[in-house]
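Okay, so here's the structure we're looking at.
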Amino acid sequence: MSYPPDPNNPYHQQPPQQPQQPPQPPPGYGYPQQAPQAAGYGYPQQAPPAAGYGYPQQQQAYGYQPMPGTIQANNGYINIAQLGPVKIASMGQRFVARLIDGLAVGAVIALVMALGLAGSLGIVKDTDDCSQYSYGTVSYDDCLQQQTDAATGLVATMMIMIGVLALFNLLYEWLMVSFVGATLGKMAMGLRVVKESNGQTPGLGGGFIRFIIPIVGAFLCYIGALLVYLSPFFDNSGKLQGWHDRAAGTVVIKK
819 MSYPPDPNNP
829 YHQQPPQQPQ
839 QPPQPPPGYG
849 YPQQAPQAAG
859 YGYPQQAPPA
869 AGYGYPQQQQ
879 AYGYQPMPGT
889 IQANNGYINI
899 AQLGPVKIAS
909 MGQRFVARLI
919 DGLAVGAVIA
929 LVMALGLAGS
939 LGIVKDTDDC
949 SQYSYGTVSY
959 DDCLQQQTDA
969 ATGLVATMMI
979 MIGVLALFNL
989 LYEWLMVSFV
999 GATLGKMAMG
1009 LRVVKESNGQ
1019 TPGLGGGFIR
1029 FIIPIVGAFL
1039 CYIGALLVYL
1049 SPFFDNSGKL
1059 QGWHDRAAGT
1069 VVIKK
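So the sequence shown is residues 819 to 1073, counted in this note's numbering.
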């Protein structure tokens, strides 16, 4: 049976066949599509180092800020508020600084003692001048009394000089550490004494406590003072704090 030709398709061309899509497998079969990685799966992001590990530069790069006073592991650094990670001064550096201070203070003491002694000896006369047979306006007894007074004055002068020099030593160590954070020796070695809690200079109270503890120990034949200066070796925290540093809440750092 024939049909009239289609005016829209005079050549009887077959319409193009639409490709058939293969049936999609139900969920759970075949290879699943790559799903976005959930939190905790795949390669984890690099986490910041734990407290106390790594170098301070790496810790800052990761944004890690340790607590004030936290000692950094195995690298000699300590975190100080307002200062960040700073290096702890070694015992060798502190010894050289103390040696420089001793030479500086000793030179001043020697100069003052020499000048005072020379001036005091100038007023003391030889006892031969008080001869019993000498003639003059001063009798022999008056001459001896003058010599005794001069010797007493010499002793008093020496005691005053010792007191003045002790006061100078007190003011030198106390005031410079309190307000500057360093003596001349520490300045020469690039060291500084700061409060562990805030990184500031110790102040009058902290500086005095730090100074007076070795002085009190010196009354025991100086053995106590020696133990105080060696006490940083006994500090197992890694901060090299001596007993005077712990009492004052200070730490010695390298600038």
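Backbone N, C-alpha and C fix where the C-beta goes; we use that ideal spot for every residue, glycine too.
These numbers come from a predicted model, not from an experiment.
Pick helix, strand or coil for residue i, following the three-state DSSP scheme.
| i | result |
| --- | --- |
| L1058 | coil |
| L993 | helix |
| L935 | helix |
| D1053 | coil |
| L1077 | This structure cannot settle anything about residue 1077, because the visible part of the chain is limited to 819 through 1073. |
| T1001 | coil |
| G971 | helix |
| R1017 | It should be pointed out that residue 1017 corresponds to Gly in this sequence rather than to Arg. Three-state DSSP puts G1017 in coil, outside helix and strand. |
| A907 | coil |
Between which two residues does the beta strand (DSSP E) holding residue i run?
| i | result |
| --- | --- |
| V1069 | T1068 to K1072 |
Could you please give me the residues that DSSP links to residue i through a beta bridge?
| i | result |
| --- | --- |
| G902 | I898 |
| R1064 | Per DSSP, none; premise fails for R1064. |
Starting from residue i, trace the alpha helix (DSSP H) in both directions and tell me its first and last residue.
| i | result |
| --- | --- |
| L1045 | I1041 to L1048 |
| L1022 | G1021 to A1036 |
Residues in the same chain with beta-carbon distance under 8 angstroms from residue i, minus the five sequence neighbours each way, listed in chain order, please.
| i | result |
| --- | --- |
| R1028 | V995, V1011, P1020, H1062, D1063, A1065, A1066 and T1068 |
| F1026 | W992 and S996 |
| P1050 | M909, R912, L1058, Q1059, G1060 and D1063 |
| G1035 | I1041, G1042, A1043, L1044, L1045 and V1046 |
| V982 | V930 |
Apart from the five residues on each side of it in sequence, which residues of its chain come closer than 7 angstroms, Cβ to Cβ, to residue i?
| i | result |
| --- | --- |
| P1032 | A1043, V1046, Y1047 and H1062 |
| A899 | P886, S1015, N1016 and G1017 |
| C936 | It should be noted that the sequence gives Ala, not Cys, for residue 936. Closer than 7 angstroms at Cβ, skipping near neighbours: no residue. |
| M979 | V930, M931 and G934 |
Who are the near neighbours of residue i in its chain, counting only those whose CB is closer than 6 angstroms to its CB and skipping five residues on each side?
| i | result |
| --- | --- |
| Y990 | none |
| A922 | L1002 |
| D1053 | Q1059 |
| L1022 | S996 |
Stretch pair the region 910-921 + the region 993-1005: three plus CB contacts closer than 8 angstroms: yes
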